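Colleague: This is the structure I have questions about; it appears just below.
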Amino acid sequence: MAISTLLRCLSLLAIVSLAAADSAGKSTDENPGQIRLNCGESGSATDADGRAWAGDAASKFAPSMPDAAAASASYKDPSLPSLVPYTTARVFASSSYTYSFLVRPGRAFLRLYFYPSNYGTHAASDALFGVTAGGVTLLRGFNASQTALALNYAYLVREFSVNVSATGTLNVTFIPSSSSSHYAFINGIEIVPTPDMLTSAAPVVPTLANGARPDPMPIRADTAFQTMYRLNVGGESLSPTDDSARLYRSWDNDAPYIFGAAAGVSYGKDANVTIRYPASVPRYVAPEAVYASARSMGPTAQINLNYNLTWILPVDAGFFYLVRLHFCEIQYPITKVNQRSFDVYISNETAREQMDVIAWSGGIGVPVYTDYLVVTAGSGQMDLWVALHPDVATRPVYYDAILNGLEVFKLQTYGDNSLAGESPPISQEQAVDDGSRGGSSKKRKNGFAAALGGAAAGGLLAVLVGLVCACVICRRGRKAAPVLVSEPESSGEQPVHGLPSPNKSSALFNSAQK
C-alpha cells in the first residue's frame, strides 16, 4: 500500500512538473493564465515587482524566429523601474513577425513594453513600425524613440484590452516600415486575462442635434480598447502590484491633469470608515485604495459655486471614448441623501445632473461607478474635459463635488479595425507627470544627458516639452482635510459650465459605427 501511494504521489508530481514546464511565462497567482515574455532572452527572469518573465527564445509562443535578432540595449537609463523586461529586445528588420499566444477565450489586457535604445547596429531613431493583434491595428507608424523624447520618458507601455476568440489564440504581429532603414522591436509582452468589464451599454455624450439624449449605446463584445488614462483621483500613484485581482494596472496621480490653479482639496478616508463593495461593484473594478482617497472642490461654498473642478485629458480625435468615473463618500459628516449633490460635465456637455453619491450607493464607504460613451470627430489631437460643479437645484447641505477615480478608454473604429492615433503624440497621458510614480508603467527620465542614442536631433523639442511639463506640475493642488461648508447666505450664483469645447459633432453618433 505504501509503495502504491508513493507511486501515485510521484506520478502526480511528474504531471505537475510537466504542467509547470509547459506554462513558462504564466503566472501561478490568483489570476491564472497570465503570460509574460522577456523578448530577446532565452532564460527566465524576475522583475522588480517579483513577477516572473520567460524568455521568448525557443518559446512555444515564438517557435521559429530566423529573421529576428536578439539584442541588448546599449544604455540602461537609471529611471527604468526594472531591468526586466526593458534591457533586451527582439528586433525585426527584414520582415514582420507574429507571436501566437494560447489564451483562454474572453477579455485580456495586452501590454507592450518599449525601451527605445540603440540595439546592435540599429539606431533608436530608425525604429518605425506598426503592431496588430487579433485583427485590430494597435499602432501604426509608431516611432518609440521620437515619442519617448517628445514626452521625456525613458520607456513606454501601451495597454490594450482585447477580446480573445473562442479559438483561444491571440496573434500579435510586429510590422516594420517598408523602408529598408526601418525596423520593429519589442522588449516585453504581457497578457493578463480579465473579466469583461468594459462592454456594457453606456449613456452617450454629446446629445443629438435636436437636443435629445441618445439611448445608452451597446458596445460590441469584440471591441478592442486602448487605456488612455487611469487616475487615482486625490490619491498617490498605485504601482501594478497595488492593483486589485492581480490585474497589474497602473493608477496615476490626477494632479497634473487638473485645469488651472483651482485644484480643490485631496484627502483620504476617515479611520473609522470601511470600504464595502456592493454586489454591483466587483472588487476587480478598482482597488480599495482608489475609493479610499478623493478630491473635492474645497471648503468655501461661495468659491465652489463660481468654478468647475476640471480635468483636461488630451486624446486622439475621431474615436469613441469610454469615460469611467468612480465615486465613494469616505468622510463624515456626509452620510445622508442631499448633503452633497453635483453635476457632471464631459466635453462641455451635461453628462449627469444631481449626482448624489450617498443616494446612489446607499451609504458612506460604499463604492459606485458610472460610464459614459463620448463621441469625438475630426483628426489630430483634442482635449477631453471632465468637470464637476455643485448642484443648486436641490439645495444640498454642502455646495461641493467629489471624485475618487477616473479612467478613459479609446474604442477601436470598426470600419478599419484600428486604434492607431497620432504618432508621435503631441500631448498624451505621459505629457505631464508628478514624478512620483514609482513602479508605474511609464516613467519620466531623470535627465537628457542619457537621451536615447541616435535621436539627439529631437533633444531641443524634448527640452521644450519638459519645461511645459514643469509649469503644469507647479499648478498641482494642495492636500488638506476637507472642510465642508453648508449653503451660503446668498446662493444665487449660476453653475459655471461654459468650458472651452473640443471639436465634436453629434453627426458622428448619428452615423455610429456598425
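Per mature numbering (1 follows the signal peptide of the UniProt record, and there is no 0): the sequence shown = residues -21 to -1, 1 to 493.
Where a beta carbon is used, it is the ideal one built from N, C-alpha and C, also for glycine.
Given the structure is predicted, the values throughout are model-derived calculations rather than measurements.
#1: Please state whether DSSP places residue 4 in a helix, a strand or coil.
#2: Just the Cα atoms here: how many angstroms apart are residue 93 and residue 286?
#3: What residue does the alpha helix (DSSP H) around residue 13 start on, and which one ends it?
#4: Helix, strand or coil: how does DSSP classify residue 310 here?
#5: Are residue 78 and residue 41 closer than 7 Å when you measure CB to CB?
#6: Hey, would you say residue 10 sits closer than 7 Å to residue 63, going by beta carbons?
#7: Which residue's Cα is closest to the Cα of residue 320: 326, 353, 280?
#8: Over the uninterrupted alpha helix (DSSP H) stretch that includes residue 355, give me the two end residues.
#9: Quick one, are the C-beta atoms of residue 194 and residue 210 less than 7 Å apart?
#10: Distance check for residue 111 and residue 153, CA to CA, integer angstroms please.
#11: Assign residue 8 to one of two classes, buried (16 or more other C-beta atoms within 10 Å of its C-beta) or exposed (fewer than that).
#12: With residue 124 as the anchor, note down where its alpha helix (DSSP H) starts and where it stops.
#13: How about residue 236 and residue 325: are their beta carbons less than 7 Å apart?
#14: Just grab the DSSP bridge partners of residue 401 for me.
#15: What are the boundary residues of the beta strand (DSSP E) that residue 246 is part of?
#16: For residue 146 and residue 84, what's the separation of their Cα atoms in angstroms?
#17: Considering only C-alpha positions, which residue in the set 21, 134, 223 is nearest to residue 123?
#18: Going along the chain, which residues of its own chain have a beta-carbon closer than 6 Å to the beta-carbon of residue 378, five neighbours each way excluded?
#19: Which ranges does the alpha helix (DSSP H) cover as unbroken runs of at least 4 residues, wholly within the region 158 to 189, from first to last along the chain?
#20: Apart from the five residues on each side of it in sequence, which residues of its chain come closer than 6 Å, Cβ to Cβ, to residue 332?
#21: Rounded to the nearest angstrom, what separates residue 27 and residue 89 at their Cα positions?
#22: Taking C-alpha atoms, which residue in 382, 51, 309, 268 lies nearest to residue 164?
#23: Report buried or exposed for residue 109, applying the criterion of at least 16 other Cβ atoms within 10 angstroms of its Cβ.
#24: What residues in its chain sit with their C-beta under 6 Å from that of residue 172, if we drop five residues either side in the sequence?
#25: Are the Cβ atoms of residue 247 and residue 272 separated by less than 7 Å?
#26: So residue 294 and residue 360 are supposed to be a Cβ contact under 8 Å. How far apart are they, rounded?
#27: Below 7 Å CB to CB, which residues in the same chain sit around residue 391 once its five sequence neighbours on both sides are set aside?
#28: Helix, strand or coil for residue 281? Go by DSSP, reduced to three states.
#29: What does the alpha-carbon distance come out to for the pair residue 207 and residue 230?
#30: Quick check: what's the CA-CA separation for residue 141 versus residue 105?
#31: CA-CA distance, residue 394 and residue 159?
#32: Tell me the rounded alpha-carbon separation between residue 33 and residue 350.
#33: Is residue 288 closer than 7 Å to residue 380 when the C-beta atoms are compared?
#34: Can you pull the DSSP bridge partners for residue 265?
#35: Less than 8 Å between the CB atoms is what I'm expecting for residue 91 and residue 137, so what's the real figure, rounded?
Modeller: Reading off the structure:
#1: The pLDDT assigned to residue 4 is 40, lower than 50, so where the model puts this residue is not dependable; a value taken from the coordinates is nonetheless given after this. Here residue 4 sits in coil by DSSP.
#2: 40 Å
#3: Neither: residue 13 is in no alpha helix (DSSP H) and is coded neither H nor E.
#4: coil
#5: yes
#6: no
#7: 280
#8: Looking at the DSSP string, residue 355 is not in any alpha helix (DSSP H), and its letter there is neither H nor E.
#9: no
#10: 7 Å
#11: Here residue 8 scores only 44 on pLDDT, less than 50, and its place in the model is too uncertain to base an answer on.
#12: 123 to 130
#13: no
#14: Answer by DSSP bridge pairing: none, since residue 401 is not bridged.
#15: 244 to 247
#16: 7 Å
#17: 134
#18: 280, 283, 284, 369
#19: none
#20: 322
#21: 20 Å
#22: 51
#23: buried
#24: 12, 83, 87
#25: yes
#26: 7 Å
#27: 115, 202, 203, 397, 398
#28: helix
#29: 11 Å
#30: 28 Å
#31: 30 Å
#32: 37 Å
#33: yes
#34: Looking at the DSSP assignment, residue 265 forms no beta bridge with any residue, so it has no partner.
#35: 5 Å
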